[in-house]
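S.K.: This structure is in structure tokens; I'll ask about it shortly.
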Ligand code: UDP
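Residue numbers (UniProt numbering): 1 to 239.
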């Protein structure tokens, strides 16, 4: 890496699927270690790092509710799944020598700290990686919305969405070779064209709080630090 990071405090949103190995579900240790290494390398650049992790590799509320389960109960299970992912990630990051705290929006005192905004701020100032677990703590929301919410609360300079591809495309590039990749988008472009980046409430929240969103590939080694120094490939969504 050549340049200095352009941002001081960032929030990385990773879906639970980013922790799976190809063709499986659940948590894959090698994959978790790879993502932990990406996070550790950014933390070593003196960037304050927040992480919001999804739970879709383990449980998704909407899918369960289509099979008859009460949506709110299913969503609570989804939020618990994010706590498992957060603990796996914390463990892997700490094995790399970086202090990490998990703060859960659903208090569970014997497992991790409860989410308290000022405490989270203090951890960041002490250069600890802070992983926000259990989404927003409310059913009928997503971890994308939790990411935008925590980024606003923490005063993050940027929200990074780690995906399977290197930006936002007009269509799924893995299925459609003619899909166009966007270098830059306005928040309103994403909403009006219904581009599948993050859900609409997350985009609106980022827009209202003027937080740029960088969409990049979490699969590409070194990409997290590269996009922060301006040399990596990503799509930027801003005003
Ligand atoms: N969830 C929720 N409220 C939140 C965040 C998440 O109810 O604030 C539940 C919801 O059921 C969701 C699941 O947790 O399906 C996992 O989160 P998400 O689908 O956002 O994970 P990802 O797709 O990023 O892996």
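For glycine and all other residues, C-beta sits at the position ideal for the given N, C-alpha and C. None of these values were measured; they are calculated from a predicted model.
Do residue 191 and residue 203 have their C-beta atoms within less than 8 Å of each other?
M.R.: For residue 191 and residue 203, yes; Cβs fall inside 8 Å.
S.K.: Kindly identify the DSSP beta-bridge partner or partners of residue 113.
M.R.: In the DSSP output, where bridge partners are listed per residue, residue 113 has 103.
S.K.: Could you tell me whether the stretch 54-74 touches the stretch 106-123, where touching means 3 or more Cβ pairs closer than 8 Å?
M.R.: The stretch 54-74, when compared against the stretch 106-123, does not touch it at the 8 Å Cβ threshold.
S.K.: Going straight from the alpha carbon of residue 142 to that of residue 183, what length do you get?
M.R.: When rounded, the distance between both Cα atoms is 26 Å.
S.K.: Between residue 50 and residue 154, is the Cβ-Cβ spacing less than 8 Å?
M.R.: Yes; because the gap between Cβ atoms is below 8 Å, this pair is in contact.
S.K.: Can you say whether residue 216 is buried or exposed, counting buried as having 16 or more other CB atoms within 10 angstroms of its CB?
M.R.: Residue 216 should be labelled buried.
S.K.: Going by alpha carbons, who is nearest to residue 72 out of 81, 61, 80 and 34?
M.R.: Closest option to residue 72, Cα to Cα, is 61.
S.K.: Hey, would you say the C-beta of residue 79 is under 7 Å away from at least one heavy atom of ligand 1?
M.R.: Checking the Cβ of residue 79 against ligand 1 gives yes.
S.K.: Would residue 230 pass as a contact of residue 8 if the rule is Cβ separation under 8 Å?
M.R.: No, these two residues do not count as a Cβ contact at 8 Å.
S.K.: If contacts are defined as beta-carbon pairs under 8 Å, then residue 39 and residue 16 qualify, I think. What distance do you get, rounded to the angstrom?
M.R.: That belief does not hold up - the Cβ atoms of residue 39 and residue 16 are roughly 15 Å apart, past 8 Å.
S.K.: Can you confirm whether the stretch 119-138 touches the stretch 88-107 when touching is taken to mean that 3 or more C-beta pairs between the two stretches lie within less than 8 Å?
M.R.: They touch, by the three-pair rule.
S.K.: Between the alpha carbons of residue 140 and residue 95, how many angstroms are there, rounded?
M.R.: Their backbone Cα atoms lie some 34 Å apart in a straight line.
S.K.: In whole angstroms, give me the CA-to-CA distance for residue 30 and residue 149.
M.R.: Whole-angstrom Cα-Cα distance: 30 Å.
S.K.: Go ahead and label residue 36 buried or exposed: buried means 16 or more other beta carbons lie within 10 angstroms of its beta carbon, across all protein chains shown.
M.R.: Burial call: buried.
S.K.: Determine the DSSP secondary structure at residue 76, reduced to helix, strand or coil.
M.R.: Correct three-state label for residue 76: helix.
S.K.: Would you tell me roughly how many angstroms separate the C-alpha atoms of residue 93 and residue 201, rounded to the nearest one?
M.R.: If you take the alpha carbons of residue 93 and residue 201, they lie about 30 Å apart.
S.K.: What do you reckon, is the C-beta of residue 141 under 7 Å from a heavy atom of ligand 1?
M.R.: Yes; taking the cut-off as 7 Å, the Cβ of residue 141 has a heavy atom of ligand 1 nearer than that.
S.K.: Who are the near neighbours of residue 117 in its chain, counting only those whose CB is closer than 7 Å to its CB and skipping five residues on each side?
M.R.: Excluding positions up to five away in sequence, the list reads 153.
S.K.: Does DSSP put residue 219 in a helix, in a strand, or in coil?
M.R.: In this structure, residue 219 counts as coil in the three-state DSSP scheme.
S.K.: Reducing DSSP to helix, strand and coil, say where residue 153 ends up.
M.R.: Helix.
S.K.: Which complete alpha helix (DSSP H) runs does the stretch 126-188 hold, if anything under 4 residues is left out?
M.R.: Qualifying alpha helix (DSSP H) stretches, in chain order: 143-154.
S.K.: Which one of 74, 78 and 133 has the shortest CA to CA distance from residue 100?
M.R.: Out of 74, 78 and 133, 133 has the C-alpha closest to the C-alpha of residue 100.
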